[in-house]
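Have a look at the structure below before the remarks.
There are 2 protein chains.
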Amino acid sequence: MIKHSRQRDAILTYLHSTKSHPTAETVYENVRESIPNISLGTVYRNLNMLAETGDILRLSCGGTSDRYDGNPEQHYHILCRECGRVSDLEMAGLEHINVIAGAGFGGTIEGHFAYFYGCCPECTKNSTE
Amino acid sequence: MIKHSRQRDAILTYLHSTKSHPTAETVYENVRESIPNISLGTVYRNLNMLAETGDILRLSCGGTSDRYDGNPEQHYHILCRECGRVSDLEMAGLEHINVIAGAGFGGTIEGHFAYFYGCCPECTKNSTE
DNA sequence: CTAATATTAGTAACTATTACTGTTAATTAG
DNA sequence: CTAATTAACAGTAATAGTTACTAATATTAG
Chain A
1 MIKHSRQRDA ILTYLHSTKS HPTAETVYEN VRESIPNISL GTVYRNLNML AETGDILRLS
61 CGGTSDRYDG NPEQHYHILC RECGRVSDLE MAGLEHINVI AGAGFGGTIE GHFAYFYGCC
121 PECTKNSTE
Chain B
1001 MIKHSRQRDA ILTYLHSTKS HPTAETVYEN VRESIPNISL GTVYRNLNML AETGDILRLS
1061 CGGTSDRYDG NPEQHYHILC RECGRVSDLE MAGLEHINVI AGAGFGGTIE GHFAYFYGCC
1121 PECTKNSTE
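Right, here's the structure in full:
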């Protein structure tokens, strides 16, 4: 049985307020502004719960720590190799690649995880100036 | 300047001998059979070097530890949600998704990372028996 | 309101990985 | 073939991210 908690609300509210795909540590720092004595363990536990229930997305883009996304809708991301930022991509879904992968494969493809890397609009602009 | 080393050779030889995408720990355990006192730090250092030079691939499929692949050619993987195994997929390249992602994106797409998840042939077979 | 218990803060523990240090061994120069 | 140089090593300590534990607190049900 799941009980409401001020801490979990604050975490979700913060994630909804940003498009920056923060790490657990960043979530912690920001939520501390409204709940100064929140524990880092609480942040981790709630991020795990929220990811489990599908209310948020966990992004593992190869960096040292996972990132979280308050938008649980299926969408894709790009990791900027210049500034490290993770940005949303507005693009069509790629469900068809599951079919490509499944052709000739003896098992079952249930889905995929994908992210792109390159240079974000800001860094691309800066490097051509 | 890069010097030859028996340890690095053994690591590469082991990775070439398997299709199992082992973790650093598994590489360590196996290479210890030929070099019993090899250090875990040496395994990590060489796996990083080999990944850096492009001789092997590092796979970060969301699990707790990275995995390594002795085949440096671009190819895709499937993570079995049943047994945790990571297997190679024989399938066409997906370079076209970079174009899809780049459409309407202000920055530059250089490439993508993708893996599939589902059920490997062995587990699919077992679950339908 | 009271009882039951999910959640918390704070801290300790754990795991994967990297850094450090003195020693060993691969390469280069003579 | 030495000897000098230094990359790489083994062993160990340290770090980073995350999870586990515990007694106290806050939420919900009745």
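These protein sequence lines are chains A and B, in that order.
For the first sequence, the positions run 1 to 129 when our numbering is used.
For the second sequence, the positions run 1001 to 1129 when our numbering is used.
Built from N, CA and C at the ideal position, the CB exists for glycine as well.
Worksheet item: Using CA coordinates, which residue listed in B/Ile1109, B/Asp1069, B/Tyr1044 is at the minimum distance from B/Leu1015?
Response: The shortest CA-to-CA distance from B/Leu1015 to any of B/Ile1109, B/Asp1069, B/Tyr1044 is the one to B/Asp1069.
Worksheet item: Based on the DSSP secondary-structure assignment, which residues constitute the bridge partners of B/Ala1114?
Response: A/Ala114
Worksheet item: Are the CB atoms of B/Cys1061 and B/Val1086 nearer to each other than 8 Å?
Response: The answer is yes: Cβ separation under 8 Å.
Worksheet item: Any beta-carbon of chain B closer than 8 Å to the one on A/Glu110?
Response: yes
Worksheet item: Are there three or more Cβ pairs, one per stretch, closer than 8 Å when the stretch 1092-1111 of chain B is compared with the stretch 119-128 of chain A?
Response: yes
Worksheet item: Under 8 Å, do A/Ile38 and A/Arg32 count as touching if we go by C-beta distance?
Response: yes
Practice prompt. Identify the contact partners of B/Thr1064 in chain A, using a Cβ-Cβ distance below 8 Å as the criterion.
Written response: Residues of chain A passing the Cβ test: none, with the nearest at roughly 11 Å.
Discussion item. With distance defined between alpha-carbon atoms, name the residue in A/Glu73, A/Leu89, A/Asn48 nearest to A/Thr23.
Written reply: A/Asn48
Discussion item. Beta-carbon within less than 8 Å of A/Phe116's beta-carbon, same chain only, minus the 5 sequence neighbours each way: which residues are those?
Written reply: Tyr76, His77, Ile78, Leu79, Leu89
Discussion item. On a Cα-Cα basis, can you pick out the residue from B/Gly1041, B/Arg1008, B/Ile1056, B/Lys1019 that is closest to B/Ser1034?
Written reply: For B/Ser1034, the nearest C-alpha among the options comes from B/Arg1008.
Fill in: Near-chain B residues of the stretch 25-57 of chain A - C-beta to any C-beta below 7 Å
Result list empty, no residue passes.
Discussion item. Rounded to whole angstroms, what is the Cα-Cα separation between B/Arg1006 and B/Thr1053?
Written reply: 17 Å
Discussion item. For A/Thr124, would you say it is in contact with chain B, using Cβ-to-Cβ distances shorter than 8 Å as the test?
Written reply: yes
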